[in-house]
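First comes the structure, then the notes that go with it.
There are 2 protein chains.
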Amino acid sequence: MTRKLTILDIAKLAGVGKSTVSRVLTNDPKVKIETRERVEQVIQESGFVPSKSAQAMRGGSAKVVGVIISRLDSPSENKAVSGILDVIYAAGYDAVIMESQFSAEKTNEHLSVLQKRNVDGVILFGFSGCDLSIVESLNHKAVVIAVDTGQISSVGYDNYGIIELAMANLQQQGKQHISFIGVDPSDKTTGLMRLNAYIEYCESANIEPSYQTGQLSHESAYELTDHVLKPETEAIVCASDTLAMGVAKRLQELDRSDVLVSGVGATDLLSFIFPNTFSIDPGYYAAGKASASLLIKQLAGCHDVTHLTQKAMIAQ
Amino acid sequence: MTRKLTILDIAKLAGVGKSTVSRVLTNDPKVKIETRERVEQVIQESGFVPSKSAQAMRGGSAKVVGVIISRLDSPSENKAVSGILDVIYAAGYDAVIMESQFSAEKTNEHLSVLQKRNVDGVILFGFSGCDLSIVESLNHKAVVIAVDTGQISSVGYDNYGIIELAMANLQQQGKQHISFIGVDPSDKTTGLMRLNAYIEYCESANIEPSYQTGQLSHESAYELTDHVLKPETEAIVCASDTLAMGVAKRLQELDRSDVLVSGVGATDLLSFIFPNTFSIDPGYYAAGKASASLLIKQLAGCHDVTHLTQKAMIAQ
DNA sequence: CTGTTAGCGCCTTCAA
DNA sequence: TTGAAGGCGCTAACAG
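Same order as they appear, the protein sequences are chains A and B.
Taking my numbering, the leading residue of the first sequence gets 312, the next gets one more, and so forth.
Taking my numbering, the leading residue of the second sequence gets 312, the next gets one more, and so forth.
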């Protein structure tokens, strides 16, 4: 392997000065088309690759954004990350993805690493108990997803709308006896907000509430099903597809194919396996795109703190 | 926000020369302990963070490895990535993750970006039709997962062992009529190799083979089920959990709870929803760890080309 | 239009 | 044990 080439080598090879090479690299319009072609020719042939580290150091921007996801294997976050990547690649940035595993400590570690790396910005998937103080100090170089904080831009899911959408849909189908299974309210968004949304909807729609909360797992929902299932129950709304999976499984065992189940997450597997089922899509992909666009806008100089709420829709 | 500090600022603040600060940063032993403490003190107080870009440019190593995954939402690759991250973080590296979406073109784009970024190494999740020529030129700075190539280190899954394990397990349970559903053999590993493993196992075990291949989707497997299901069928081995899900679903509809189904991937959902089911774990997490360890060893100077095969096991 | 000249922030000889 | 000086690869004035 030959030594790494630099613009100086290219300059010599092309018989020009190194700044001309630099100009070609940066698409500076004031280069004679002819010269440019010659330089590009040489670059091609020699397989020269400009050093990002040097560019980053010179220009101050590494064209990198950090993405701190809570769990790599979360389908919802995956969808959002896809949206993020699409946007930031298009804008010429790269992403370094890190996993917080819902640990505030790990998150802060990651943040400090990202800071060392001179990343241009950060997108953080928030979680209950996550410490936003460091992120806030990043000011206009960060966007938080899924939790709201006054000081820093965010993209949130419409936790109320999600549940309302499910409830309204069921009501339209003539269902009146609708139960709910969620997760522990110590989780502010998926837990508390969705539960409250259910309770409030029941009040305003004159539905007798019947609900249980537990862990975010199939098993937990499976076990809780019997506690909210009455002979007259017509539907069960779940705070997530994972829960819906457990509920639907239990209903199947009990031969209660009359009970409709709704989840949140747009997992195609759910309705494939259990027909009398539907899912609400909180708009993960769109939220990812939105957060990335927001960040890029801020990096470009827009210093407003914006709070977006992603609109939910019925999956498919 | 104050201007970014440099070692020079720290040097002045601490009343030393900038090289001394640099020495402190690099843990150079020849610094009077007293001086070091003073410098570290100042660094703490001022919140100085050395610029990785500058370090990278100077030293040549950015302490970054690129990871090119085929799909972010692939549960199997997620597990492997977790393994990779665990290892490389521990070794002081960071990861920039990119998604190839099974496109050779995108992969090459990503590779060129990574090269520009001066990453220390690359881990690539291979796929059929993926163009390894560029990766090969990276020589000892790359590891490929899931496909084998002579020239470059790799960690592969034991596609034969995976199927053999499933078959043997079924035989032990007294099953003799075992069918197979896989994916199109144009996919070399999940498709061709696993199919061949099935056929060969049948030969040596004197089992009448009965198989179909299609797409890697629940629907495809669902539809193919009837083609391999005979009254005497006792089990169906599937090339992946996704397929197994489709097959189990169809069997449930047909009331064939007598037929056992096996998948590949260790998805907990599979056996949760369908009891008469089990899954083979190709060792994704371990493979991820192995590939990262391999890469780091190579970056540290070991220039052997190593090919590892991850051992499969029955999930749980 | 193009070449020359400074640095960017850091690490590393080379002297002291 | 420490400071001064040089240079990594690149970009951005500043002159031609």
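The beta carbon of each residue, even a glycine, is placed where N, CA and C say it ideally should be.
For this session: Taking only beta-carbon positions, decide if B:E348 is within less than 8 Å of chain A.
Result: No, B:E348 does not count as interfacial toward chain A.
For this session: Closer than 9 Å by beta-carbon distance: list the chain B residues that pair up with A:A373, in chain order.
Result: Listed along chain B are K363, S364, R428, each with a C-beta nearer than 9 Å to that of A:A373.
Exercise. Which residues mark the beginning and the end of the beta strand (DSSP E) in which B:A406 is found?
Worked result: Per DSSP, the unbroken beta strand (DSSP E) holding B:A406 starts and ends at 405-410.
Exercise. How long is the line joining the alpha carbons of A:D552 and B:E356, rounded to whole angstroms?
Worked result: Rounded to whole angstroms, A:D552 to B:E356 spans 48 Å at the Cα level.
Exercise. Going by other Cβ atoms of all chains shown within 10 Å of its Cβ, with 16 needed for buried, is B:L581 buried or exposed?
Worked result: Buried, by the Cβ-count rule.
Exercise. For the stretch 358-403 of chain A, which segments carrying the alpha helix (DSSP H) assignment without a break, of at least 4 residues, lie completely within its bounds, in sequence order?
Worked result: Counting whole runs of 4 or more residues, the stretch 358-403 of chain A contains the alpha helix (DSSP H) stretches 363-370, 386-401.
For this session: With 8 Å as the threshold, decide whether the Cβ of A:D405 is near any Cβ in chain B.
Result: With 8 Å as the cut-off, A:D405 counts as an interface residue toward chain B.
Problem set entry | Chain-ordered chain B contacts of A:F583 [CB-CB under 9 Å] | Near A:F583 (Cβ distances below 9 Å), the residues of chain B are H529, E530, Y533, M556, G557, K560.
Exercise. Under three-state DSSP, which class holds B:I318?
Worked result: In the structure shown, B:I318 adopts helical secondary structure according to DSSP, grouped into three states.
Exercise. In angstroms, rounded to a whole number, what distance separates the CA positions of A:Q621 and B:L449?
Worked result: Rounded to whole angstroms, the gap between the alpha carbons of A:Q621 and B:L449 is 42 Å.
Exercise. How would you list, in chain order, the residues of chain B whose beta-carbon sits under 9 Å from the beta-carbon of A:K390?
Worked result: Result: L383, D384.
Problem set entry | Test: A:M478 CB closer than 8 Å to a CB of chain B | So no, A:M478 is outside the interface.
For this session: Report back the beta-carbon spacing between B:P520 and B:Y509 to the nearest angstrom; my notes put them in contact at under 8 Å.
Result: B:P520 to B:Y509, Cβ: 7 Å. Contact.
Exercise. Going along chain B in order, which residues have a C-beta closer than 9 Å to the C-beta of A:S330?
Worked result: Here the premise fails: no neighbours, minimum Cβ distance about 19 Å.
Problem set entry | Spatially closest choice to B:A626 from B:Y596, B:D498, B:D442, by CA coordinates | Of the candidates B:Y596, B:D498, B:D442, the one whose C-alpha sits nearest the C-alpha of B:A626 is B:Y596.
For this session: Compute the beta-carbon to beta-carbon distance between B:G576 and B:P361, rounded to the nearest angstrom, for a pair I have assumed lies under 8 Å.
Result: Incorrect: roughly 43 Å between the Cβ atoms, too far for contact.
Problem set entry | Contact set for B:H538: own chain, Cβ-Cβ below 7 Å, skip 5 residues either direction | These residues qualify, in order along the chain: Q523.
For this session: Please report how far the alpha carbon of B:D397 lies from the alpha carbon of B:L606, in whole angstroms.
Result: Pairing B:D397 with B:L606, the inter-Cα distance amounts to about 13 Å.
Exercise. For A:C613, which three-state DSSP category applies?
Worked result: The three-state secondary structure of A:C613, taken from DSSP, is coil.
For this session: Evaluate contact between the stretch 447-467 of chain A and the stretch 601-620 of chain A, counting only Cβ atoms and requiring at least three cross-stretch pairs below 8 Å.
Result: Output reads yes: the stretch 601-620 of chain A touches the stretch 447-467 of chain A.
Problem set entry | Check whether A:L571 and A:E545 have beta carbons under 8 Å apart | Yes, the pair counts as a contact, with Cβ atoms nearer than the cut-off.
Exercise. In chain order, what residues of the stretch 406-427 of chain B put their CB closer than 8 Å to some CB of chain A?
Worked result: For the stretch 406-427 of chain B, the beta-carbon criterion of a distance under 8 Å to any beta-carbon of chain A is satisfied by A406, V407, I408, M409, E410, S423, V424, Q426, K427.
For this session: Quickly, what does DSSP pair B:Q483 with across the bridge? List them, please.
Result: Per DSSP, none; premise fails for B:Q483.
For this session: With a threshold of 16 other CB atoms inside 10 Å of the CB of B:N517, please say whether the residue is buried or exposed.
Result: Burial call: exposed.
For this session: Under 6 Å Cβ to Cβ from A:R505, same chain only, skipping five residues before and after it: list those, please.
Result: Excluding sequence neighbours, A:R505 sits near N470, I474, G493, A550.
For this session: Answer yes or no: do B:S393 and A:L383 have a C-beta to C-beta separation smaller than 8 Å?
Result: Contact flag set, yes.
Exercise. Which of helix, strand or coil does DSSP assign to A:Q526?
Worked result: In this structure, DSSP gives A:Q526 a state outside helix and strand, which the three-state scheme calls coil.
Problem set entry | Beta carbon proximity, A:S393 to chain B, threshold 8 Å | Closer than 8 Å to some Cβ of chain B, the Cβ of A:S393 qualifies, so yes.
Exercise. Leaving out five residues before and five after A:D405 in sequence, what residues of the same chain have Cβ atoms less than 8 Å from its Cβ?
Worked result: For A:D405, the CB contacts under 8 Å within the same chain, skipping 5 residues up- and downstream, are K374, V375, V376, I399 in chain order.
Problem set entry | is_contact[A:L435, chain B] using C-beta, thresh 8 Å | Not one chain B Cβ lies under 8 Å of A:L435.
Problem set entry | Closer than 8 Å at the beta carbon, the chain B residues around A:V360 | Within chain B, the residues near A:V360 are S423, Q426, K427.
Exercise. Out of curiosity, what's the CA-to-CA distance linking B:S423 and A:A611?
Worked result: Distance between the alpha carbons of B:S423 and A:A611: 25 Å.
Problem set entry | As assigned by DSSP and simplified to three states, the class of B:H488 | Of the three classes helix, strand and coil, the one that applies to B:H488 here is coil, per DSSP.
Exercise. Does any CB atom of chain B fall closer than 8 Å to the CB of A:L580?
Worked result: Yes, its Cβ sits closer than 8 Å to a Cβ of chain B.
Problem set entry | Option nearest A:P593 by Cα separation, candidates A:E410, A:T500, A:G525 | The shortest Cα separation from A:P593 among A:E410, A:T500, A:G525 belongs to A:T500.
For this session: Spatial neighbours of A:S531 within its chain, please: CB distance less than 6 Å, with the 5 preceding and 5 following residues excluded, ordered by chain position.
Result: If you ignore the 5 residues before and after A:S531, its C-beta comes within less than 6 Å of the C-beta of G525, all in its own chain and listed in chain order.
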